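Those letters in the sequence shown? Residues 1 to 844, per the UniProt record's numbering, in order.
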Amino acid sequence: MIKKFDKKDEESEARIFNETPINPRRCLHILTKIIYLLNQGEHFGTTEATEAFFAMTRLFQSNDQTLRRMCYLTIKEMANISEDVIIVTSSLTKDMTGKEDVYRGPAIRALCRITDTTMLQAIERYMKQAIVDKVPSVSSSALVSSLHMVKMSYDVVKRWVNEAQEAASSDNIMVQYHALGLLYHLRKNDRLAVTKMLNKFTKSGLKSPFAYCMLIRIASKLLDETEGGHDSPLFDFIESCLRNKNEMVVYEAASAIVHMPNCTARELAPAVSVLQLFCSSPKAALRYAAVRTLNKVAMKHPSAVTACNLDLENLITDSNRSIATLAITTLLKTGSESSVDRLMKQISSFVSEISDEFKVVVVQAISALCQKYPRKHSVMMNFLSNMLRDDGGFEYKRAIVDCIIGIIEENPESKETGLAHLCEFIEDCEHTVLATKILHLLGKEGPRTPQPSKYIRFIFNRVVLESEAVRAAAVSALAKFGAQNDDLLPSVLVLMQRRMIKSYVLSMLQVRGLFCVLLSGLSVSIPGLEKSLHQYTLEPSEKPFDMKTVPLATTPITEQKTEIAPVATSKLPEKLAPSRQDIYQEQLASIPEFQSLGPLFKSSEPVQLTEAETEYVVRCVKHTFARHMVFQFDCTNTLNDQLLQKVVVQMEPSEAYEVIQYIPAPSLPYSQPGSSYTLVRLPDDDPTAVSCTFSCTMKYLVRDCDPNTGEPDDDGYDDEYVLEDLEVTVADHIQKVLKPNFGAAWEEVGDDFEKEETFALSSVRTLDEAVGNIISFLGMQPCERSDKVPENKNSHVLLLAGVFRGGHDALVRARLALADGVTMQVTVRSGEETVVDVILASVG
Numbered sequence: 001m002i003k004k005f006d007k008k009d010e011e012s013e014a015r016i017f018n019e020t021p022i023n024p025r026r027c028l029h030i031l032t033k034i035i036y037l038l039n040q041g042e043h044f045g046t047t048e049a050t051e052a053f054f055a056m057t058r059l060f061q062s063n064d065q066t067l068r069r070m071c072y073l074t075i076k077e078m079a080n081i082s083e084d085v086i087i088v089t090s091s092l093t094k095d096m097t098g099k100e101d102v103y104r105g106p107a108i109r110a111l112c113r114i115t116d117t118t119m120l121q122a123i124e125r126y127m128k129q130a131i132v133d134k135v136p137s138v139s140s141s142a143l144v145s146s147l148h149m150v151k152m153s154y155d156v157v158k159r160w161v162n163e164a165q166e167a168a169s170s171d172n173i174m175v176q177y178h179a180l181g182l183l184y185h186l187r188k189n190d191r192l193a194v195t196k197m198l199n200k201f202t203k204s205g206l207k208s209p210f211a212y213c214m215l216i217r218i219a220s221k222l223l224d225e226t227e228g229g230h231d232s233p234l235f236d237f238i239e240s241c242l243r244n245k246n247e248m249v250v251y252e253a254a255s256a257i258v259h260m261p262n263c264t265a266r267e268l269a270p271a272v273s274v275l276q277l278f279c280s281s282p283k284a285a286l287r288y289a290a291v292r293t294l295n296k297v298a299m300k301h302p303s304a305v306t307a308c309n310l311d312l313e314n315l316i317t318d319s320n321r322s323i324a325t326l327a328i329t330t331l332l333k334t335g336s337e338s339s340v341d342r343l344m345k346q347i348s349s350f351v352s353e354i355s356d357e358f359k360v361v362v363v364q365a366i367s368a369l370c371q372k373y374p375r376k377h378s379v380m381m382n383f384l385s386n387m388l389r390d391d392g393g394f395e396y397k398r399a400i401v402d403c404i405i406g407i408i409e410e411n412p413e414s415k416e417t418g419l420a421h422l423c424e425f426i427e428d429c430e431h432t433v434l435a436t437k438i439l440h441l442l443g444k445e446g447p448r449t450p451q452p453s454k455y456i457r458f459i460f461n462r463v464v465l466e467s468e469a470v471r472a473a474a475v476s477a478l479a480k481f482g483a484q485n486d487d488l489l490p491s492v493l494v495l496m497q498r499r500m501i502k503s504y505v506l507s508m509l510q511v512r513g514l515f516c517v518l519l520s521g522l523s524v525s526i527p528g529l530e531k532s533l534h535q536y537t538l539e540p541s542e543k544p545f546d547m548k549t550v551p552l553a554t555t556p557i558t559e560q561k562t563e564i565a566p567v568a569t570s571k572l573p574e575k576l577a578p579s580r581q582d583i584y585q586e587q588l589a590s591i592p593e594f595q596s597l598g599p600l601f602k603s604s605e606p607v608q609l610t611e612a613e614t615e616y617v618v619r620c621v622k623h624t625f626a627r628h629m630v631f632q633f634d635c636t637n638t639l640n641d642q643l644l645q646k647v648v649v650q651m652e653p654s655e656a657y658e659v660i661q662y663i664p665a666p667s668l669p670y671s672q673p674g675s676s677y678t679l680v681r682l683p684d685d686d687p688t689a690v691s692c693t694f695s696c697t698m699k700y701l702v703r704d705c706d707p708n709t710g711e712p713d714d715d716g717y718d719d720e721y722v723l724e725d726l727e728v729t730v731a732d733h734i735q736k737v738l739k740p741n742f743g744a745a746w747e748e749v750g751d752d753f754e755k756e757e758t759f760a761l762s763s764v765r766t767l768d769e770a771v772g773n774i775i776s777f778l779g780m781q782p783c784e785r786s787d788k789v790p791e792n793k794n795s796h797v798l799l800l801a802g803v804f805r806g807g808h809d810a811l812v813r814a815r816l817a818l819a820d821g822v823t824m825q826v827t828v829r830s831g832e833e834t835v836v837d838v839i840l841a842s843v844g
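Below, the structure is given as structure tokens:
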């Protein structure tokens, strides 16, 4: 436990590093506290971090091994927040090339952590020697550090391939594993080179089980990319690993086979047999791995797992409750209808002892079982209602609610029982999302039950007791009961008046002609409404939001029919103004070549490709789809003595973009604009290659005209006009999205795919300029007013949010520091690793 110190304590501690002689024990205590605080998320200012770092460099004079190794750890932790960390380079280089093996490995790791591209060539010779060093810890340190530096300086590290290949033949299992990892990452973008590497190592054999596991993963990835069948040598290699002496390799091979797409039960059999043997292993880890994998297999191929049922039943009484849970849920997917009651009783005996994660697995298995054996819904429903009363987190409760709702939708006879269980749950529900979801369901299904009045009390309690969102959902549900049941309407009106519900809801209930608004929902496009509201929040004004700016829904919100008279057409707006992007979506959808591209993700602002006073005026709008881009060239002919025909803009990409098709503008008479289109496929092989420059040339057939009559000549000639280059940047692939609580959004996305890099913005002189450039370049939405830099500040944190094409959230936290230029430490989070790589690659 680290206690807080007052100012006097801090000053006395700061002097300890300067004592003569150095006291290793007291210095170790201080370094431990620094590392602890950094790992607890404490923020160290650049100045205090640099001062502490400079004071720490004196500790290299001590020969205490523990203190020296703690210095290495602290250097690595403070590398990104201290300035001038490069001053310890000579000390680390000395330790790296010294005789003390215990120093050499950690020194290499610390040195590579602070090395930049300019310094890397200076230590290249030492790194090559370290990679092939006879001491395993030194060789592994050099290999792992090289792997980290591939992102920073690929070309330099690539020159170390020969040394890495030599290390790959090492007798040490970790050195061999790390060497194989480095070789793969140097070649992963070259499919032929990866194939050759696989052939070499699969034939020569490896001593390291870790390296074998990596080979299996590489082979599996290559099979997936090349869509190789089960006759491929790569599949034969993976299958041969099922006979390896090491259990870890055997499991990795079995897991790879069962996760391959389009596997038949017959092809899965060897892997399932291996997993079946693991089910009776004395090692709990192997039993857990086997039953978890079989559980996944049972989702798609339950018949393939049936042979393991006896082994799985033996695991029901396993002392490890996680194993027992997975065994039962697997049996639920593969067992017969007669075994359901017995299995449910066995689950009930220990379900309260397992974690929420495995409770969710149980609920998912029950949901699948309900679809398989619908006659067992009453048993399932009772079990689920008991689980709903137990303690648990949001994901667990949501899984149960979704399962009950699914049973209600699949089995009409279970509706009343299910609604009753959900009504009891919302009495004590702590989760707003679940409460509103259940209230919506009650409003939809409750009025059509034989006794709708019994649900009114539960709904009204939510109006009285809950938060705004839940109250709003409850009012909507109550209104639907009154709208669809004449007997209940007076009671509902009284309840609403008692709680002073807003007058517009009451008036809608009191006027029969407005009932259908409650029943059918909004007649506007929900995506269009979302976009319009989002745009309004980005560009707020004193004028209130106007629903007329939202386009009508292209399909009805609900198919439910009602005998109630519809709203008079005179009440509807005469004309709804669709958004700019909706207009583009409609225009592009009308072109047959673009109908299969899916929904339009983003349309850019027009980009001028000619000067204003030239004979032809061309501007481009970039339309981004999930896998393609469409370039719309709006062209205007300003010459009254020419008619242009078959006008296309030929595009030559600088990157891996592929031009698929040109759609010409048929004719461009004088001063009448027309559009030509170019369809481009985004690169599949390298998803991070989002930026590209296109050289553009407008090609056309010219027919001279009479300036007075506009009559063209019979003959024409081909001509072309060179346009400005057109750039596609990362901003074309990202939509702005507002995150009012950036911290909560940051935690919600999680750090599974978090990456961080530091950049020097040498051409930028102020923080304001840096913030503006970053926002413009990434095309993301600044959050929490972080686009405003306070005056007289030398550092700033910029928070950005966006959605990458495909619907993946992307969050960026950029720490900016002003020195000689601006230094930027960028941290990116997303639910998709490729998105993180794209943003960092584009910034780099």
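From the three backbone atoms N, C-alpha and C, an ideal C-beta is built for every residue, glycine too. Predicted, not measured: the structure shown is a model, and the values here were computed from it.
In this structure, DSSP gives R619 an extended state, which the three-state scheme calls strand.
Taking each of S303, N244, D155 and S654 in turn and checking the Cα distance to V272, the smallest one comes out for S303. Beta bridge pairing from DSSP links S145 with no other residue. Note that the region 669-678 touches the region 621-641; at least 3 beta-carbon pairs, one per stretch, sit closer than 8 Å.
Counting only the Cα atoms, E468 lies some 21 Å from T537. Taking 8 Å as the cut-off, the beta carbon of M824 is found no closer than this to the beta carbon of A801. In the DSSP assignment, P782 is bridged to L800. For D714, the closest alpha carbon among the candidates V702, D725, S281 and V618 is that of V702. It is roughly 37 Å from the alpha-carbon of V157 to the alpha-carbon of G743. Residue range E658 to I663 is occupied by the beta strand (DSSP E) that includes I663. Here P24 carries a helix assignment [DSSP, helix/strand/coil]. Exclusion of the five residues before and after S604 leaves V621, K622 and D732 as the residues of its chain whose Cβ lies within less than 7 Å of its Cβ.
Of P24, A760, I35 and E791, the smallest CA-CA separation from N63 is found for P24. Beta-carbon to beta-carbon, I354 and R389 are separated by about 16 Å, too far to satisfy the 8 Å threshold. Assigned with DSSP and collapsed to three states, P712 falls in strand. Leaving aside the five residues that flank N244 on each side, the residues in its chain whose CB is nearer than 6 Å to its CB run, in chain order, V250. Counting only unbroken stretches of 3 or more residues, the beta strand (DSSP E) elements lying wholly within the UniProt domain "Coatomer subunit gamma C-terminal" (731-843) are 734-736, 754-761, 795-804, 808-819 and 821-830, in sequence order. Membership of M629 in the beta strand (DSSP E) is indicated by the continuous run H628 to N637. Note: M651 is bridge-paired with C696 in the DSSP secondary-structure output.
According to DSSP, S603 shares a beta bridge with H623.
Nearest in C-alpha terms to C279, of all of A290, C783 and P270, is A290.
Within the same chain, Cβ atoms closer than 7 Å to the Cβ of A110 are found at Y72, I75, K76 and L92, the five residues on either side in sequence being excluded. Secondary-structure assignment with DSSP links T115 through no beta bridge to anything.
By the beta-carbon neighbour count (other beta carbons within 10 angstroms, threshold 16), I238 is buried.
Remark: three or more beta-carbon pairs, one from each stretch, lie closer than 8 Å, so the region 633-643 and the region 612-620 are flagged as touching. When DSSP states are grouped into helix, strand and coil, V702 belongs to the strand group. In the DSSP assignment, V722 is bridged to T697.
In chain order, H230 place their CB closer than 7 Å to the CB of E267, counting only its own chain and leaving out the 5 sequence neighbours on each side. Taking the C-beta atoms as reference points, S170 is found nearer than 8 Å to A179. Burial check for L478: the Cβ neighbour count within 10 Å reaches 16 or more, so the residue is buried.
Under DSSP, T678 shares a beta bridge with F631 and Y662. Contact between S146 and I123 fails: their C-beta atoms lie close to 11 Å from each other, not under 8 Å. For E42, there is no enclosing alpha helix (DSSP H), as DSSP gives it neither H nor E.
Shown here, Q608 sits in a strand according to DSSP, grouped into three states. In this structure, Y396 keeps its C-beta atom at 8 Å or more from the C-beta atom of V361. Contact between L778 and V812 holds, since their C-beta atoms are separated by about 7 Å, short of 8 Å.
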